[in-house]
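J.:
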Amino acid sequence: MTWKVSEIYDPQPFSDEKEVTKLGIKEWAIEDRPREKLMAHGAEALSSAELLAILVGSGNKKESAVDLMKRLLKDCDNNLARLSKMSIDELMTYEGIGEAKAITILAACELARRRELTQMPERKILSDARKMYEHLWPRMRDLDVEESYVILMNSGFKEIKTVRLSHGGITETAVDVRLIMKEALLANATILAIAHNHPSGNVKPSRDDDNLTKMIADACRTMRILFADHLVISDGDYYSYQENGRL
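Counting from 34, one number per residue, gives the positions in the sequence shown under my numbering.
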């Protein structure tokens, strides 16, 4: 029997390369996805490519958004300053980057530049009742109902932020002590003070005020947070639990 060459030889070329299937970001392990990684570990845990991938949202048929941004940054020598100097047209030469994505990237670069030029405002030092009163009085001066606030501070009595807790009354039920502790922990505060107003003009604390003060003091001791003061504020006057030796 005579064999034909075509019957014993497959003319298909040999190749050592295996077909590679690109995995989209949605197919990655959850802990590796940029958005989920940011939520779990904070923005500082992400690479520049991962942060840019969150902005552009998607890559192209061959690359995930992260891989596309890695290639873009590599072409810029991983220098964000060089990236910010690229034009929209230059960015659009990369497959997967259209006009909208190019504009988003350059807008993010400009925001980063402006942030560098912006000075952080000096934090107020609220180390005594008078300073706390002067800090809060502009918020409370025209109120005709009770409002309560918590002032969150760092170890140097510098204000981190001031949060309104309630509107229309202050009792152990109106102000959730758990909410106060949650706000303090989220802000990494080591010192806190609370305050509320008495629209009647009488700054004498009520029994509810005393009960709330005790509950917050107990919670702060448990959480190892310094409870600096509880202020009762009225028109041009205030009562301080700290100044009156009740903390």
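Heads up, the beta-carbon is just placed ideally off N, CA and C, and yes, glycines get one too.
1. Who are the Cβ neighbours of Lys-134 in its own chain at under 7 Å, not counting the five residues just before and after it?
2. If you compare alpha carbons, which of Ser-181, Thr-195, Arg-174, Thr-137 is closest to Ile-158?
3. Reducing DSSP to helix, strand and coil, say where Thr-204 ends up.
4. Pull the bridge partners of Thr-195 from the DSSP assignment, please.
5. Does the contact criterion of 3 or more C-beta pairs under 8 Å hold for the segment 263 to 278 versus the segment 212 to 232?
6. Would you identify the three-state DSSP class for Ile-138, choosing helix, strand or coil?
7. Which same chain residues, not among the five before or five after Gly-189, have their C-beta less than 8 Å away from its C-beta?
8. Please return the same chain residues whose Cβ sits closer than 7 Å to the Cβ of Gln-45, not counting the five positions on each side in sequence.
9. In the DSSP assignment, what residue or residues form a beta bridge with Asn-230?
10. Since I believe Arg-156 is in contact with Glu-192 (beta carbons under 8 Å), could you give me their beta-carbon distance rounded to a whole number of angstroms?
11. State the beta-bridge partners of Ser-273 as determined by DSSP.
12. In terms of alpha-carbon separation, which member of Asp-110, Glu-83, Ala-114, Cys-109 lies closest to Asp-100?
13. Going by beta carbon distance, what residues of the same chain come within less than 6 Å of Asn-93, once the five residues before and after it are set aside?
14. Give me the residue from Gly-201, His-168, Val-178, Met-119 with the minimum Cα distance to Leu-185.
15. My assumption, with CB atoms under 8 Å, is that Met-102 sits in contact with Ala-86. Please give the rounded CB distance.
T.: Quick answer:
1. Around Lys-134: Val-89.
2. In terms of CA proximity to Ile-158, Thr-195 leads the group Ser-181, Thr-195, Arg-174, Thr-137.
3. Low confidence applies to Thr-204: its pLDDT is 49, below 50, so where it sits in the model is not reliable enough to give any reading.
4. According to DSSP, Thr-195 bridges with Ile-184.
5. Contact between the segment 263 to 278 and the segment 212 to 232 is present: 3 or more CB-CB pairs across the two stretches fall below 8 Å.
6. The three-state reading of DSSP puts Ile-138 in helix, counting H, G and I together.
7. Answer for Gly-189: Ile-158, listed in chain order.
8. Reliability fails at Gln-45, whose pLDDT of 47 lies under 50, so the model's placement of it is uncertain and no value is given.
9. Bridge partners of Asn-230: Ile-266.
10. The pair is a contact, with the Cβ atoms about 5 Å apart (cut-off 8 Å).
11. When DSSP reads this structure, Ser-273 sits in a beta bridge with Leu-264.
12. The shortest C-alpha separation from Asp-100 is found at Glu-83.
13. Listed in chain order, the non-local C-beta contacts of Asn-93 below 6 Å within the same chain comprise Glu-128, Gly-129, local neighbours out to five positions each way being set aside.
14. Nearest option by C-alpha distance: His-168.
15. For Met-102 against Ala-86, the beta-carbon gap comes to about 5 Å, under 8 Å, which counts as contact.
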